[in-house]
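**Student:** Below are the structure tokens for one structure; questions will follow.
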């Protein structure tokens, strides 16, 4: 799988438009080389802006439930690569 769309449970307005989903692409080695063997939530979301169309500021304003959801998408990409 090259990318996954995460549908927000709590859409919100960002840059004057409503965001309902986040497209996350598969991370590359350059994105994960600083992650440890057991990456934490903060570590996973630290690469989110590299593999999606949004900035760190966007993720800071996202609902917590969706923040966790996006981190799970990233984690699933890493788990499926093992």
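Residue numbers (our numbering): 1413 to 1494.
Virtual Cβ for every residue (Gly too), placed ideally from N, Cα, C.
Quick one: Cα of residue 1464 to Cα of residue 1485, how far?
**Tutor:** Distance between the alpha carbons of residue 1464 and residue 1485 is about 11 Å.
**Student:** On the CB-based measure, 16 or more other CB atoms within 10 Å of its CB, does residue 1468 come out buried or exposed?
**Tutor:** Exposed, by the Cβ-count rule.
**Student:** Would a C-beta distance cut-off of 8 Å place residue 1433 and residue 1417 closer than the cut-off?
**Tutor:** Yes. Within cutoff.
**Student:** Helix, strand or coil, according to DSSP, for residue 1459 in the structure here?
**Tutor:** Here residue 1459 sits in coil by DSSP.
**Student:** Given a cut-off of 8 Å on the beta-carbon distance, is the pair residue 1421 and residue 1478 in contact?
**Tutor:** Yes, they are a contact pair.
**Student:** Alpha carbons only, please: which of 1451, 1470, 1487 and 1490 is nearest the one belonging to residue 1424?
**Tutor:** Among 1451, 1470, 1487 and 1490, the Cα nearest to that of residue 1424 is on 1470.
**Student:** Please classify residue 1487 as buried or exposed, where buried requires at least 16 neighbouring CB atoms within 10 angstroms.
**Tutor:** It is exposed - the Cβ of residue 1487 has fewer than 16 other Cβ atoms within 10 Å.
**Student:** Which one or two residues does DSSP pair with residue 1418 in a beta bridge?
**Tutor:** The partner list for residue 1418 (beta bridge, DSSP) reads 1434.
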